[in-house]
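Protein chains in written order, with our numbering: chain A, 1 to 293; chain B, 10001 to 11053.
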């Protein structure tokens, strides 16, 4: 897709942010209609009709991934501002495999140097009493994100569902947000390709990403090249009823995702446990990523 | 010579150069784009990957686990790979097989990072598109190539000639010496007859009779004085690294059934050979007075239901057919259900990071640890008496046991050493060929497979002789081996604490049958591998966990080749002129040295492998030594012995010499570490472009058959065989040669009554039909027919595939109209998978069972002699110190103070994922792990570069031939999680081909990518056998190579 079309233009991006802001404060339903109209959709203001996919019939003891998908569909029936997306990572189950890291790169077509979901490996103790700890570190999607107020062009904001969104076309690449984030969750897209230094630009470097529900093709220096980039809980997947790529790819089933406002949800259940913690809570950022230890 | 410009590259390149080529395959899907530009798309349309018509289901091959995948396709290009939720590999439990395809478009199973990165193997810019020929006048390994038309390359291979300006090279036409199937069959029988002669004189007489009988055919033999070497056809050798069902069947059809060579060899022994061949020895069954029918297989734990697991030399979170399959069961059960795991591994693996106990035992001491536990368990009577006492099937059935073992059977002793089983006739009980137990203090004979009369025996009888013959029960023999050392001595040998051994044994015997010791490479890849494996499986037998949920299980597959009754296409039989390949193989397997006409004295020139097969390390060095005969042509498919074998540099000397192997043809996707020594490289298809029947692994409880199928347009060029357009591939190579050679079994009516074999699908779709039909003769096990909606989805989701790959009419003809809709049903789902609820029974056993006798004591193994010493192999678990050379002599190498081992990271697959740049983001280069104590002792710091030296590589380098050497340099990584005295490097890095060095094609330099050369591949430091001198250390019983027995020294670079 060319970068010159209406959908990807900076003007719309800016307007979109304003709309979210309004929506959050007052008129969520109206905002949704406007947004939908922007995107060529006619939608019911009360119920974002997402044409949710058919799921297989429920089975006893089904994989937790299916339970979370069913809960995701339930959440999507609600107006956006009534959802509160959170992620829970059970460090006891994380095996440090990096499936999430790579699934995220593959899903969002991240170039060299841009990682949304690193996994930190630490060795603890001394031989023979040694252990290892693995800590996946996505964007914390803070309720009070230090990255948002520092943006000089308002290219990043908190959505009504709590996800910190970026407008690539508005971003001027100043990297203030990168410095501001206490979790190092933002990285800069320097316009590199994985197949640089080989005889041919590879197809996987040319495939578009779908971040924020649009098609982005990294070419010709266009956005998101030059922008700050970050994890967004795969909102483009959520919109079509799919879990974030890190969640579905987790081979240890250590990553959980859902709507904390739904008391029946798995994540609501998990974050009420006594062994729950968040990173750098003392900073008051109020992360929406929780860890079970 | 100038460097390659992008423009030149596109003009001439034999590599991907896909700018033009690939685009031509693309459907013109501009409609979506136009609407997108008008902002008219719904979120579903924007995110087109969630649409069922943009998804195809297949099977991963980034490693050999074979996870079910869902490939998402955008404008004809594969852009994202996820798990197939119908496959038991990626969703737990997997969705029922009959789930609607339209309800799973949004559902993804979990896939490991390598699986996610497969696109980078497929769209690797260094992939080959055209056939390469070694530039005449240049040497093998100089990496100077010319592109040649497919037809020319095939013609040269068939006709031979002065192909490289080095003199005459024999073509396949000349090597296809014996062509008459009836003569071949008769000769094969007569060779067997020679092998049954007892004395050398009798053998010589039989040879003379053979020579008289086949006077006019003696020219076709390699050596008429040794007819058991077989025909000259055997001088064509086909060697593969990773072959799966379908392609392996095709290769065997070509080489064995049509061409008539016995030399088709896989790579098993470089992976876990002695694990497979101990499994074979344990599964031999007694029939008509012989032990036969042993399966090349092994057991793993049913992870989903275990309550205690010991992983020995295995890390299921990182390898061992584990990551997406077994990890979720283990993590879930540890956190929610109180599962405890113990890990025995010198390195703190990621699995060990979650372990209740990590035992960093000394590499090579695996049998010692098992025997220590066995001793404690026997002395504390914590074994399953009820299970072990059952001597036959009826007794096992009465106890609800699917299996039984020979723990109570009496073994005769000679000079105190166990030999063969006591027979009823020897005991004076019966003239029938029956075995004997002690029951109630008296001998009793029985048939192991008796359905009616249960026989139980005493485990530790007081009787020690029968009819004057000294005897012991098999479990007494085991116990004798276990008590050859005290627990403290065993602990000393293993370098672990006695307390830990007892804790392990106690836990292991505290969970009934829901416990297992699960073993892999770390146990089998030693010079003592066979007996290490046997000791650990003996330990499992003590708790009788075979065929029980949570215990040890085996793999079960839907038959694809059509071996069963009533199958639609019995493909092995569908051959108009099938021949019989016969004679001794180049690796001397499946026959006893003593039986052959080559038998002289001990040691044999090189070891023989009567108990194993696919002895990878022996193929090329044996060709180098011309033992048992010289070879004339080597075909290499998806394998790189130079990179993957320990001391793989020894293979280079042979490969680089056209006098030792006059013709080398490789089928590869790239110029790799071994294919760089080929005379011709035929581009192959990757796993997203081809057919295969991946089969299963021992930890998968359901019966399955994952089907790999083309999901994208092929990257290599299209060529013509039998008048049809097909992509350059292994299939095109074999079909092309068959066409030129006039080889039966291919071409028009190549499948006999089942019609033509002119395209890959003619064969593979019939295999799919066999899978769809199921394994009941009456067809009652068939899958449903695809309904109209599914038929439409099938076509729509393949709309981007070119006619050289997919044409609905061609496919339907190949599968036949009768089976077509069922075939579509299977292909839509990426294979066939039994439902989860079908594979466990209410009584706690598994539905897909091994279900027969397990050999604790092995009479057949005992009766086999070691070809290097003439001694009998032991028929029971025993600790043999490692390492030894092929004569069984210990190797000291005492001036080399560090024990070198390898390990697998989840983000690399041995030789073939260095092209996956996403994965290099996780770890751009590997290092040499060393414990801090050793680092401090040697004055080494994290990040220091060191050189690795060993007794057989004292200068520390890879010798690539042609004066080219690469130093064995690596960076030190100081850790705590490694046994002091041991150093470790992960496999997959340190390449010098595969895009890591320049190659010249048609005079143009294709420059290397330095990222691919990073890190160290220290296999070259592994010990070369001092007797053989051109081969790594190996286990002469089970066939495994040794990866974990070499010692080295590190020198700061």
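Just so it is clear, CB atoms sit at the ideal spot from N, CA and C, and this is done for glycine as well. Given the structure is predicted, the values throughout are model-derived calculations rather than measurements.
Just so you know, the alpha carbons of residue 10821/B and residue 10808/B end up roughly 12 angstroms apart.
Shown here, residue 10791/B sits in a helix according to DSSP, grouped into three states. At least one CB atom of chain A sits nearer than 8 angstroms to the CB of residue 10099/B.
Within the stretch 10077-10106 of chain B, 10077, 10078, 10079, 10080, 10081, 10082, 10083, 10085, 10090, 10091, 10092, 10093, 10094, 10095, 10096, 10099, 10100, 10102, 10103, 10104, 10105 and 10106 place their CB atoms closer than 9 angstroms to a CB of chain A, listed in sequence order.
Distance from the CA atom of residue 10434/B to the CA atom of residue 10277/B, rounded to whole angstroms, is 26 angstroms. Residue 11032/B is bridged by DSSP to 11024/B. Residue 10833/B has its alpha-carbon roughly 14 angstroms from the corresponding atom of residue 10101/B. For residue 10838/B, not one C-beta of chain A is nearer than 8 angstroms to its own C-beta. Beta-carbon to beta-carbon, residue 10674/B and residue 10636/B are separated by about 6 angstroms, close enough to satisfy the 8 angstroms threshold.
According to the DSSP assignment, residue 10982/B belongs to the beta strand (DSSP E) that extends over 10982-10986.
Partner residues in the beta bridge of residue 186/A, as assigned by DSSP, are 230/A.
For a Cβ distance threshold of 9 angstroms, residue set 10331 and 10335 of chain B lies close to residue 90/A, ordered along the chain.
DSSP places residue 10049/B in the helix class (H, G or I) of the three-state scheme.
Judged by DSSP secondary structure, residue 10819/B falls within the alpha helix (DSSP H) whose first and last residues are 10817-10828. Residue 58/A sits exposed, since fewer than 16 C-beta atoms from the chains shown fall within 10 Å of its C-beta. Taking a Cβ-Cβ threshold of 7 angstroms, none of the residues of chain B is close to residue 259/A; the smallest such distance is about 17 angstroms. Assignment of residue 10940/B by DSSP, reduced to helix, strand and coil, places it in the coil class.
Pairing residue 10153/B with residue 10133/B gives a Cβ-Cβ distance under 8 angstroms. For the options 99/A, 193/A and 148/A, the alpha carbon positioned closest to that of residue 224/A is the one of 193/A. For residue 10918/B, the enclosing alpha helix (DSSP H) begins and ends at 10917-10922. Per DSSP, residue 10192/B is one residue of the alpha helix (DSSP H) stretching across 10181-10195. CA-to-CA, the gap between residue 10603/B and residue 10887/B works out to about 8 angstroms. Straight across, the Cα-Cα distance linking residue 163/A with residue 52/A is about 21 angstroms. Taking CB atoms only, residue 10311/B has no neighbour in chain A less than 8 angstroms away. Closer than 8 angstroms at the C-beta level to chain A, one finds these residues of the stretch 10917-10934 of chain B: 10917, 10918, 10919, 10921, 10922, 10931, 10932 and 10933. Residue 10558/B holds the alpha-carbon nearest to the alpha-carbon of residue 10707/B among 10558/B, 10231/B and 10665/B. Straight across, the Cα-Cα distance linking residue 10914/B with residue 10079/B is about 19 angstroms.
If the five residues before and after residue 234/A are omitted, its C-beta is found closer than 7 angstroms to the C-beta atoms of 107, 244 and 245, all from its own chain and listed in chain order. DSSP lists 10865/B as the beta-bridge partner residues of residue 10872/B. The beta carbon of residue 10996/B sits no closer than 8 angstroms to any beta carbon of chain A. By the 16-neighbour rule on beta-carbons within 10 angstroms, residue 10168/B is exposed.
Counting every other CB atom within 10 Å of its CB across the protein chains shown gives residue 287/A a total of 16 or more, marking it as buried.
Assignment of residue 104/A by DSSP, reduced to helix, strand and coil, places it in the helix class. Beta-bridge analysis with DSSP links residue 10072/B to 10055/B and 10080/B.
Minimum Cα-Cα distance from residue 10406/B among the listed residues 10584/B, 10487/B, 10136/B and 10283/B corresponds to 10283/B. Residue-level contact by beta carbon fails for residue 80/A and chain B, as no gap is shorter than 8 angstroms.
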